[in-house]
Amino acid sequence: MVKDQFRERNTACKISHVTFCVDSPTEIQQQSHIQIVSKNLYCQDPQRTPIPHGLLDRRMGTNQKEANCTTCGQNLSDCVGHFGYIDLPLPVFHIGYFRCVINILQSICKNPTCARVLLGEEKAAGFRAKLRNPALSYLVRKSLKKKILETTKKVSVCPHCGEINGVVKKCGLLKISHEKYKNRTKKKDAIVEDLLAEYNEAVKFNPEIEAHKKFGLIQTLNPLEVLQLFEAIPLEDIPLLLMNAELSKPSDLILTRLLVPPNCIRPSVISDLKSGTNEDDLTMKLSECSFSSTGGSKPIREFLRHLVDNDVVLFNRQPSLHKLSIMAHRAKVLPHRTFRFNECVCTPYNADFDGDEMNVHLPQTEEARAEALVLMANKSNLVTPRNGELLIAATQDFITGGYLLTQKNAFFNRAQTMRIASTLIAGKELILSVVFVRTAVIWTGKQIFSLILKPNRDCPVNANLKTKGRAYTANEEFCHRDSYVILRNSELLAGSMDKSTLGSGGKANVFYILLRDFGEDVAVTAMWRLSRMTSFYLMNRGFSIGIGDVTPGQGFVQNSFFSGLTPTEFFFHTMGGREGLVDTAVKTAETGYMQRRLVKSLEDLCVQYDMSVRNSMGDIVQFSFGGDGLDPSYMEGNGTPVELKRLLDDIIAKNSSRSDPSLSAQEILALSNETLDSKEFLQDTSENFVRDIKKFLEEFSKKVEKLESCDLRSNGGAIFKQVSRLTPTQLAEFLTRCREKYVRAQIEPATAVGALAAQSIGEPGTQMTLKTFHFAGVASMNIFICSRFDFYSPGEVCEYIEEVFVPDDSFILIKLDMDRIRLLHLEVDIDSIRYCIERTRGISGHLTVSGHSFLILKPKDSSKSFNSKMYQMKQLLPSVVIKGVQGINRAVIHEEDVEGVTKYKLLVEGDNLRDVMATYGVKGVKCSSNNTYEVYKTLGIEAARSTIMTEIKLVMENHGMSIDFRHPMLVADLMTSKGEVLGITRHGLAKMKESVLNLASFENTSDHLFDAAFYGQTDCISGVSECIIMGLPMNVGTGLIKLLQAVPRSEPVPRTLLFDNPEFHTNTLAAVP
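Per the numbering used here, the sequence shown runs over residues 21 to 1093.
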């Protein structure tokens, strides 16, 4: 109802009644003063004038004190406002009337040419007679509607047109279904049979819709169809729906025109701090509606399709702790509502099967698809950038099956062997040329496992690996537990495969070797073969675990769940469980905040095309990433791009070179140095890498020289001629492969090394516990050193400290316990103790030595009474420091075993590094501290940088995690790049970056914005956070690359001027008389 303008009247008026109704589109238009057709709110002028036919058009009133309504001319306090309307492009269901719409559909015929209420003439006449009574109460009308509805629901065939009508019900959010042929598909009905025939014809080409047949060919009624039905309802049937035809009609329940409320109830607040206004939520929602209704003259046709097989999708699991938490997969559309993927990919997602929820994103553009396939594909991210270890590998039953299959007592007959091998036949791959080495009539599991790596003779994969298994004891391949793996040219000769050689988290792994030597496709294919074979084998063999396999308890809980816990053990067990829960909860919050700070600080660090690492402002953080410009993902060894021993063994195994002569020790060194010292090799590699190769070949040549010196090569037989044998061909191949691997391991420009470093440090942090390190050691070792740091006072080395009063004198008598001083090795005497007491603040008096163990302290004259002065000094004496280093709390000797050698370290708790280094008996060059600021203050910024890297490494190693040294190095370089140690905190970040948006997006948002306004700060949008906020491409990764097209330049064609033509050079004036 529209509120009328207030007008003064001569006669008293009052509201007699209020009638509620559903406004029709015509009534909405009549109530309105303007049609809204513009999505924009304001014109592009400094005054911010509301745009005509917009949601803030002043013909609907005003919401500002300084503006008047252009319809009535009144101001904000006098104008009551005027309505507008928006025409919707398509009708929609009104959520408030949705239940009424369903009830009407359940009462009428769904034939658009009929739309009559499903009542016979007699029943309809009876209900009409009752409805003619004008005195019917509201409850009676509701009961009549219920009776009519119950009656019409039972009608399946329209009594007026004979049309079949089924069940109408809600089938989702604002969705209505009509099950027209429900319970009729099994009956012999000509119409139904014709429809089923058409349906069966469609099933031939779309087998996936076969399952929908049992639902009775459900029809979904959209708002447009419902509106057409409601408009076709005859006027005489509207009263049977309990509606007043004079006020409203069924078609009015469907929204086709939206009423826009006046401006005065949709305030627009002008901000004093920034240009613009804050709009009401209702205004913004109406703006979206008006946007969808504009552009009627130019319809937009958008063609969409469903997800199909082989579409590229992004798979993600929260929390996204590192970049491998979201990867690209090829989709295979399957029935039901559960995501499925190969279990080998569980580790990077940290996913298990206890109800984890994951997300799928579908890239829409070709650019997004290309980046997803090249950069984010799961097969392109088999290793973690944290340290280059394999992360996508066999897991769970795949490892168990591989272990059981490769046991030394696993033998199979021909039928069993063929069944297991047949699991690898899929697609175009056929195992027809496989030749088994028969031992009697059985095959070993190791031979069958070799098919995973090389299924046929045409396969070029010849993998080589020698490594220890988890149960390794000694004697390499003669290990009695069969836990030394020897893989020669893709044939498993010895050892049983276990988690160390099949699972993730290591580099001595079968799949890691395939990845590095043969590429990602070969590694992924081998994982697929393993999953197929081991699943089939384990399913047929059987594997179970029960309560009897539970290991005995330890510590306070001796019993297991199998034997049963005592009440005391149960209590201690609950203590451990609660500690684990609290530790997990606290750890999650702390490590999450730590990673957020790391990412925010390092997010814009990127490798440029000059191979330097710079931030978004162009400031250099590293001249070369990690000091060598190598990618941690490609590190085969411990921080090195090549595992030299494995590479040499691989080359010797593949290229036996039986006819080539064997090189002597001197020849090996001479030939290798000639290649390594060449300009080409040094240009592609580095001096450190060349030095490592030379050192390795020197050790190898020593083995050759040892064989030559004892004449085993010439007199030991044919076997010794093959030991430590290296030919010129093998050596050349070795050096070439080293060079190729180094070049491949160089980091690519535009790599976001900052984000990778933050993830590599933050992601393992979620696995750390909150237990702190406690001192442990042998305190009796080298007690002289410890006594030089620990604090000692007279109270610890005195027999007594007493006040002495005699007739002619009074003083404080201190008796030292010289035996205890010698026992503690304090290296103090009575004179040094006297010196320390005299220097103590608050003690003023005459201190004299009496004998070898007595000190006499007499107070000086002062304003205080003599007795109070005596009492004050007696209270201070026990706390006087007579031995120790300021700032040091305690010191202990720590014993540790380093490579079989026992070494001792002096651990000092405190901060005074300078005085500790200067203490007699301490080697200052061997001192270190975990207090970065103390190291910076004492030794300088470079020492602080080294301390940061060392501490990150130690924390990771203490928790059993490894991280490539290049990541802590980048963090340390960033923290010390300004010449002082800056923390990864809000205060350190404010000194690292000047971007207002970057700082405001982290913490203390309003403070940063106010300060920037006060100082007139200019923010150049260059960092990652700023670009995201402004909707711009960031200068990291693919956003750093700029492509330029070389357009051929054509030379300009000279244009002939008109007057250069001699024809026009005639003097026409000469002919004039």
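All residues carry an ideal CB built from backbone N, CA and C; glycine is no exception.
Within the DSSP secondary-structure output, Glu929 pairs in a beta bridge with Arg910. The bridge partners DSSP lists for Asp829 are Val826.
Ile184 and Asn242 have their C-alpha atoms some 19 Å from each other. A distance below 8 Å separates the beta carbons of Met1012 and Leu1002. Inter-residue distance for Ser520 and Glu496 is about 16 Å (C-alpha atoms, whole angstroms). In summary, Ile640 is exposed, with fewer than 16 beta-carbon neighbours lying within 10 Å of its beta-carbon over all protein chains present. Of the candidates Met890, Leu959, Leu776 and Ile440, Ile440 places its Cα closest to the Cα of Tyr557. The Cβ neighbour count for Asn1081, taken over all protein chains shown within 10 Å, is under 16; the residue is labelled exposed. Here His73 carries a coil assignment [DSSP, helix/strand/coil]. A distance below 6 Å between beta-carbons, with the five flanking residues on each side excluded, links Met637 to no residue of its chain. When the five nearest sequence neighbours on each side are left out, the beta carbons in the same chain lying within less than 6 Å of the beta carbon of Val710 are those of Leu696, in order along the chain.
Look at Ser52 here: in three-state DSSP terms it is strand. By the 16-neighbour rule on beta-carbons within 10 angstroms, Ile258 is buried. The criterion of a C-beta distance shorter than 8 Å is not satisfied by Ser653 and Ser644.
Cβ-Cβ distances below 7 Å link Asp417 to Thr554, Ser555 and Leu558 in the same chain, with the five nearest sequence neighbours on each side left out; the list follows chain order. His102 sits in coil when the DSSP states are folded into three classes, being neither helix nor strand.
When C-alpha distances from Arg490 are compared across Gly515, Arg350, Lys466 and Lys474, the shortest belongs to Gly515.
Relative to the Cα of Glu707, the nearest Cα in the group Asp669, Gly647 and Met80 belongs to Gly647. Nearest in C-alpha terms to Asp851, of all of Lys165, Ser870 and Gly659, is Ser870. Distance check between Tyr105 and each of Ser307, Lys167, Asp301 and Gln1065 places Ser307 closest, using alpha-carbon atoms only. One Cα belongs to Ser564, the other to Thr415, and the distance between them is close to 16 Å. By the CB criterion at 8 Å, Ser176 and Thr240 fall outside the cutoff. The shortest CA-to-CA distance from Gly1051 to any of Leu1017, Gln1037, Glu1083 and Asn1024 is the one to Leu1017. Secondary structure at Glu707: helix, using DSSP grouped into helix, strand and coil. With 16 or more other Cβ atoms inside 10 Å of its own Cβ, Phe147 counts as buried.
Taking Thr1005 as reference, the option from Glu1023, Lys190, Gly999 and Asp993 with the minimal CA-CA separation is Glu1023. DSSP places Arg508 in the strand class (E or B) of the three-state scheme. In the structure shown, Thr786 adopts coil according to DSSP, grouped into three states.
If you draw a straight line from the Cα of Glu363 to the Cα of Glu409, it comes to about 18 Å. By the neighbour-count criterion, in which 16 or more other beta carbons inside 10 Å mark a residue as buried, Gly566 falls on the exposed side. Beyond the five residues adjoining it in sequence on each side, Ala265 comes within less than 7 Å, by CB distance, of Leu255, Ile258 and Pro259 in the same chain, given in chain order. Only exposed fits Lys943, as fewer than 16 other CB atoms lie within 10 angstroms of its CB.
Residue burial is scored here from C-beta neighbours: Pro898 has fewer than 16 other C-beta atoms within 10 angstroms and is therefore classed as exposed. 8 Å or more divides the Cβ of Asn220 from the Cβ of Cys181. Between Arg536 and the set Cys191, Ser1026 and Val662, the nearest pair of CA atoms involves Val662.
Here Ile445 is exposed, its C-beta having fewer than 16 other C-beta atoms within 10 Å.
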